[in-house]
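Q: Residue numbers (my numbering): 137 to 705. Glycine is no exception: its CB is placed at the ideal position from the N, C-alpha and C atoms. Sharing a structure, written as structure tokens. Questions coming.
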């Protein structure tokens, strides 16, 4: 067989017979008996290094930052146990089917949940792993000399050339060579270096050319921005451990003391101690609500509400302050926020023996926009039997055609209190916690209400009614307003605020400081008789820099003007 036949057979065997333009020794894939390409195995360390590089990339950090923002959304859609425990209880009552699912997913503890903490920690690690190598690289770049002047500046942005010859010299130009009447090359270079230094450039001379660069502050701002984000995460994480939040419902005339036993609910941080509570008192003097009265479409809506409080810190003097919406009161290292408000019933109850068994202000919870409110009165000291009452308060009561009452306005224009009365063992002594806003009627006998022979008790302020079956009497003394206060102590606020300002400054710096390089070069003319030469200028930007050409033109104009050379028209 001829050599050509052997070559053709080889081409057919290697799969190149269909393309005669390929060389005879070309191989598309593995040949018979060939094991293929053997790629190196990463191994455990290799995979760890790979995943670490992916985690610490800027793209991953930005993705985790977006995920953290999305993960925080449930915390604003449903009440949180740390901020609104009563709201969580109400949500459970209103959404009995959905509540167990959300509770298992830790939605009511969003900011301490496993999934939110995982994103938080991954973002923290990603930012740290991204910042450290970039900082090291940036530090090395700051200590590196500007690059050498390119051989051909004509390819760069903003290139321009200015001829230095007798015809371009301005009249009366100073510091010229007496022999030629032109500025010396040395003067052209040194004046360019001085000009660029004044303009904020780092300057290096290479022969008869000047290389200058500026804009490293851009990367500095970028690093400051990311470092400030880490600072925010650290401050929030550590500050939350030393902080606390607490809630207290306060009726007009009542005083709240900043001690643990005075809170209705309290959520301490991981490292909280009772000694962190600074002593102060807070008295609610008056609560005022302003309602819309002119716009019929929004009649009765609250336009503003505020509380007048008297506060006194330990060892200090009393002072009166206003507490309003988004206007917290700062006292004793805490911020006191006004969350909600409602009506409290002043009632006096005498038992069957004629003794005062109960006298207090009972808060009722609003049930609609017109402040129809519900509440529970428990009288465990009544004799001969304990009394329990489920009440409905109507600030502006109007009787419907069905015989039921409704409130048509949130202010107390026609206040009415109705009560369904029960007697029996309230179960307060069996050791099981009971809600002050709910009455367990199991085992109780209704003596006034829809299931009793006697109708519900109806009272206006100042009225007294006798209870059925010799159970005693009740007096509706009047109506007071109450407020729901949220007391918040966060020692990280100043640090978070400082880091937030720093991050904004860093971001603005990274956005508006251009990174650019500029060159000036003296090019002697070949065969020039009187030492004529050309001045060349050009620039190069890293990233977008729409002002680069204008900056190069400005440097050229100032430089030739300093040398006494006229710019070409």
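Use the C-beta contact count for residue 569: other C-beta atoms within 10 angstroms, 16 or more gives buried, fewer gives exposed.
A: Counted from its first residue, the chain shown places residue 569 at position 433. Exposed: under 16 other Cβ atoms inside 10 Å.
Q: What is the residue span of the alpha helix (DSSP H) that residue 271 lies within?
A: As a working mapping, residue 271 is identified with position 135 in the chain shown. It spans 250-278 - the alpha helix (DSSP H) in which residue 271 sits, taken as one unbroken run.
Q: Might you give, ordered along the chain, the residues of its own chain that have their beta carbon closer than 6 Å to the beta carbon of residue 242, omitting 5 neighbours on each side?
A: Numbered from its first residue, the chain shown carries residue 242 at position 106. These residues qualify, in order along the chain: 249.
Q: Taking its Cβ as the centre, do 16 or more other Cβ atoms sit within 10 Å of residue 616, making it buried, or is it exposed?
A: In the chain shown, residue 616 corresponds to position 480, counting from 1. Buried: at least 16 other Cβ atoms inside 10 Å.
Q: Tell me the rounded alpha-carbon separation between residue 688 and residue 296.
A: Walking along the chain shown from the start, residue 688 turns up at place 552. Walking along the chain shown from the start, residue 296 turns up at place 160. C-alpha separation (whole angstroms): 8 Å.
Q: Return helix, strand or coil for residue 532, following the three-state DSSP convention.
A: Residue mapping note: residue 532 aligns to position 396 of the chain shown, counting from 1. Reduced to three states, the DSSP call for residue 532 is strand.
Q: I'd like to confirm the pairing. Which residues does DSSP put opposite residue 525 in its beta bridges?
A: To locate residue 525, count along the chain shown from 1; it is residue 389. DSSP lists 513 and 557 as partners of residue 525.
Q: What first and last residue would you give for the beta strand (DSSP E) that runs through residue 655?
A: As a working mapping, residue 655 is identified with position 519 in the chain shown. Its beta strand (DSSP E) spans residues 652-660.
Q: Exposed or buried, what is residue 622 when buried is set at 16 or more other beta-carbons lying within 10 Å of its beta-carbon?
A: Taking the chain shown and counting its residues from 1, the one referred to as residue 622 is at position 486. Flag for residue 622 reads buried.
Q: Near residue 377, what residues of its chain come up, given a Cβ to Cβ distance below 6 Å and the 5 sequence neighbours on each side ignored?
A: The residue you call residue 377 lines up with position 241 of the chain shown. Result list for residue 377: 405, 406 and 407, in chain order.
Q: Buried or exposed for residue 530, please, with buried defined as at least 16 other CB atoms from any protein chain shown within 10 angstroms of its CB.
A: The sequence position of residue 530 within the chain shown is 394, counting from 1. Buried, by the Cβ-count rule.
Q: Looking at residue 246 and residue 221, is the spacing between their C-beta atoms short of 7 Å?
A: Within the chain shown, the letter at position 85 stands for residue 221. Within the chain shown, the letter at position 110 stands for residue 246. Against a cut-off of 7 Å, the Cβ pair of residue 246 and residue 221 comes out as no contact.
Q: Quick test of your reading: residue 325 and residue 298, contact by CB under 8 Å. State the CB separation rounded to the nearest angstrom.
A: Against the chain shown, residue 325 aligns to sequence position 189. Against the chain shown, residue 298 aligns to sequence position 162. Not quite, the Cβ-Cβ distance comes to about 14 Å (not below 8 Å), so this is no contact.
Q: Apart from the five residues just before and just after residue 681, which ones in its own chain have a Cβ nearer than 6 Å to its Cβ?
A: Against the chain shown, residue 681 aligns to sequence position 545. Excluding sequence neighbours, residue 681 sits near 650 and 652.
Q: Quick one: Cα of residue 703 to Cα of residue 658, how far?
A: Position 567 of the chain shown holds residue 703. Position 522 of the chain shown holds residue 658. Looking at the two C-alpha atoms, the distance is approximately 16 Å.
Q: Would you say the stretch 605-613 touches the stretch 357-372, given that touching needs at least three Cβ pairs under 8 Å?
A: No, the stretch 605-613 is not in contact with the stretch 357-372.
Q: Please tell me whether residue 548 and residue 528 are closer than 7 Å, where the distance is taken between their beta carbons.
A: The sequence position of residue 548 within the chain shown is 412, counting from 1. The sequence position of residue 528 within the chain shown is 392, counting from 1. No, Cβ-Cβ distance for residue 548 and residue 528 is not below 7 Å.
Q: Which value, in whole angstroms, describes the spacing of the CA atoms of residue 593 and residue 421?
A: Mapped onto the chain shown, residue 593 falls at position 457. Mapped onto the chain shown, residue 421 falls at position 285. Cα to Cα, the separation comes out at about 31 Å.
Q: Can you tell me the Cα-Cα spacing of residue 526 and residue 619, whole angstroms?
A: Here residue 526 refers to the residue found at position 390 when the chain shown is read from its first residue. Here residue 619 refers to the residue found at position 483 when the chain shown is read from its first residue. Roughly 21 Å separates the two Cα atoms.
Q: Consult DSSP for residue 487 and reduce its assignment to one of helix, strand or coil.
A: Residue mapping note: residue 487 aligns to position 351 of the chain shown, counting from 1. Residue state, collapsed to three classes: coil.
Q: Of all the alpha helix (DSSP H) runs that stay within the bounds of the stretch 296-349, which reach a length of 4 or more residues?
A: With a minimum length of 4 residues, the continuous alpha helix (DSSP H) runs that stay inside the stretch 296-349 are 321-334.
Q: Rounded to whole angstroms, what is the Cα-Cα separation between residue 192 and residue 329?
A: One-based indexing of the chain shown puts residue 192 at position 56. One-based indexing of the chain shown puts residue 329 at position 193. One C-alpha to the other measures close to 40 Å.
Q: Roughly how many angstroms separate the alpha carbons of residue 498 and residue 461, rounded to a whole number?
A: Within the chain shown, the letter at position 362 stands for residue 498. Within the chain shown, the letter at position 325 stands for residue 461. Using only the alpha carbons, I get a separation of about 24 Å.
Q: Checking 7 Å against the spacing of the C-beta atoms, do residue 262 and residue 200 come in under that value?
A: Numbered from 1 along the chain shown, position 126 holds the residue referred to as residue 262. Numbered from 1 along the chain shown, position 64 holds the residue referred to as residue 200. Taking 7 Å as the Cβ cut-off, residue 262 and residue 200 qualify as a contacting pair.
Q: Answer yes or no: do residue 203 and residue 255 have a C-beta to C-beta separation smaller than 7 Å?
A: Numbered from 1 along the chain shown, position 67 holds the residue referred to as residue 203. Numbered from 1 along the chain shown, position 119 holds the residue referred to as residue 255. The answer is yes: Cβ separation under 7 Å.
Q: Any chance the stretch 572-586 sits against the stretch 442-460, with 3 or more Cβ pairs inside 8 Å?
A: The stretch 572-586 is not in contact with the stretch 442-460.
Q: Measuring only the C-alpha atoms, how far is residue 327 from residue 695?
A: The residue labelled residue 327 in the question sits at position 191 within the chain shown. The residue labelled residue 695 in the question sits at position 559 within the chain shown. Residue 327 and residue 695: Cα-Cα distance of roughly 7 Å.
Q: Does the stretch 215-231 come close enough to the stretch 339-356 that 3 or more CB-CB pairs lie under 8 Å?
A: Output reads no: the stretch 215-231 does not touch the stretch 339-356.
Q: Could you check the C-alpha separation between residue 399 and residue 416 for me, to the nearest Å?
A: Position 263 of the chain shown, counting from 1, holds the residue named residue 399. Position 280 of the chain shown, counting from 1, holds the residue named residue 416. In a straight line, the C-alpha of residue 399 is about 13 Å away from that of residue 416.
Q: For residue 291, is the classification buried or exposed, using 16 other Cβ atoms within 10 angstroms of its Cβ as the cut-off for buried?
A: In the chain shown, counting from the first residue as 1, residue 291 sits at position 155. Result: exposed.
Q: Can you give the beta carbon distance from residue 518 to residue 474, rounded, assuming they're within the 8 Å contact cut?
A: Your numbering for residue 518 matches position 382 in the chain shown. Your numbering for residue 474 matches position 338 in the chain shown. Their Cβ separation, rounded to whole angstroms, is 35 Å, which puts residue 518 and residue 474 out of contact at 8 Å.
Q: Identify which residue in 385, 231, 213 and 471 has its Cα closest to the Cα of residue 624.
A: The sequence position of residue 624 within the chain shown is 488, counting from 1. It is 471 whose Cα lies nearest to the Cα of residue 624.
Q: Which value, in whole angstroms, describes the spacing of the CA atoms of residue 633 and residue 626?
A: Position 497 of the chain shown, counted from the first residue, corresponds to residue 633. Position 490 of the chain shown, counted from the first residue, corresponds to residue 626. So the two alpha carbons sit approximately 12 Å from each other.
Q: Mind reading off the beta-carbon distance from residue 294 to residue 685? Whole number of angstroms is fine, and I expect it under 8 Å.
A: Locating residue 294 in the chain shown gives position 158, counting from the first residue. Locating residue 685 in the chain shown gives position 549, counting from the first residue. Indeed, because the Cβ distance is near 4 Å, the residues count as touching under 8 Å.
Q: Classify residue 136 as buried or exposed, calling it buried when 16 or more other Cβ atoms lie within 10 Å of its own Cβ.
A: Because the chain in this structure spans residues 137 to 705, residue 136 falls outside the shown range and cannot be described.
Q: Starting from residue 643, trace the alpha helix (DSSP H) in both directions and tell me its first and last residue.
A: Taking the chain shown and counting its residues from 1, one reaches residue 643 at position 507. Where residue 643 is concerned, the enclosing alpha helix (DSSP H) stretches over 629-648.
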